[in-house]
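One structure is given below, encoded as structure tokens.
Residue numbers (our numbering): 1 to 266.
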């Protein structure tokens, strides 16, 4: 504010330089000086800013929690971006699209909205990581056979790599359906059993034992797919059934006369 000197003339009181604006400073002779000065920042603030870790969605340490119909699936932001880019329209569902409503925040719960479970999402992730190859674990195969994997992928707009994985799997299934011996079962989708009947064995007991073993395999879901002569007096019967979680590996050959228990294992 203006003050008067002893002579009565008006003077302008010099303000503390720290209180001046960024464009106004006082010179040594009391005149105003114009300066260019950036925003003030204390040294402690600058140090704190320098120490602040950088963390964004492109950081591999960033975590995305995708919300599914039955819970959450955690993955890196980098993998989530890969999954989104692998879908035909998943990016639009998550982030919005010029022709759709623009989302203020990414919709990480889009999988719950479309009824996609954690198991299905994880198989979709595996198909993408495998560049179009279906995992061979029990859950993945069950989802492929039941059609749930294809249905969920299509519900989200489609994934070319999932389509490729299912196409390869179906081709293997068709090839293996023609398998009539274990060596032709390249994908290992069947359990196999063998029975050998000695043709020259004509006793009633041997015939009954063979028939009992034959019937026992049928009761457990095994189907006769081939038979062949193995020796001049013996014939081999080959059975198969699709694998499930409760059965073991194929049993050794069984000759006529053995008990049904000896003809099968698992």
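C-beta: ideal position from N, C-alpha, C; glycine also.
The model shown is predicted, which means the values in this text are computed figures rather than measured ones.
Discussion item. Under 6 Å: does the beta carbon of residue 239 sit that close to some heavy atom of the ligand ATP?
Written reply: Absent from the structure shown: the ligand ATP. Ligands present: none.
Worksheet item: What residue does the alpha helix (DSSP H) around residue 162 start on, and which one ends it?
Response: Translated into the one-based positions of the chain shown, residue 162 becomes position 162. That run of the alpha helix (DSSP H) goes 160 to 177.
Discussion item. Quick check: residue 114 and residue 156, are their CB atoms within less than 7 Å of each other?
Written reply: By one-based count along the chain shown, residue 114 stands at place 114. By one-based count along the chain shown, residue 156 stands at place 156. The answer is yes: Cβ separation under 7 Å.
Item to complete: Confirm, please, whether the CB-CB distance from residue 69 to residue 129 is below 7 Å.
Response: The count along the chain shown starts at 1 and reaches residue 129 at position 129. The count along the chain shown starts at 1 and reaches residue 69 at position 69. At a Cβ-Cβ threshold of 7 Å, residue 129 and residue 69 do not count as neighbours.
Practice prompt. List the DSSP bridge partners of residue 71.
Written response: Locating residue 71 in the chain shown gives position 71, counting from the first residue. 68.
Worksheet item: What first and last residue would you give for the alpha helix (DSSP H) that runs through residue 143?
Response: Looking up residue 143 in the chain shown gives position 143. Residue 143: member of the alpha helix (DSSP H) spanning 138 to 146, first to last residue.
Worksheet item: Looking only at its own chain, which residues have a Cβ that is under 6 Å from the Cβ of residue 133, when we skip the five neighbours before and after it?
Response: Translated into the one-based positions of the chain shown, residue 133 becomes position 133. Sequence-distant Cβ neighbours of residue 133 in its own chain, meaning closer than 6 Å and more than five residues away, are 165.
Discussion item. If you follow the beta strand (DSSP E) that residue 228 is in, where does it begin and where does it stop?
Written reply: As a working mapping, residue 228 is identified with position 228 in the chain shown. Element bounds for residue 228: 223 to 231.
Fill in: Element boundaries [alpha helix (DSSP H), containing residue 117]
Taking the chain shown and counting its residues from 1, the one referred to as residue 117 is at position 117. Unbroken run through residue 117: none, as it is neither H nor E.
Fill in: Proximal residues to residue 117 (C-beta, below 7 Å), its chain only, five neighbours per side dropped
Against the chain shown, residue 117 aligns to sequence position 117. Closer than 7 Å at the Cβ level, and outside the excluded window around residue 117, lie 68, 69 and 70.
Fill in: 7 Å Cβ shell around residue 109 - same chain, five flanking residues per side excluded
As a first step, residue 109 must be located in the chain shown, where it is residue number 109. For residue 109, same chain residues with a beta-carbon under 7 Å away, outside a window of 5 residues either side, are 67 in chain order.
Worksheet entry | For residue 125, the nearest candidate out of 136, 91 and 86 (CA to CA) | Along the chain shown, read from residue 1 onward, the residue named residue 125 stands at position 125. Checked all of 136, 91 and 86; the closest Cα to residue 125 is 86.
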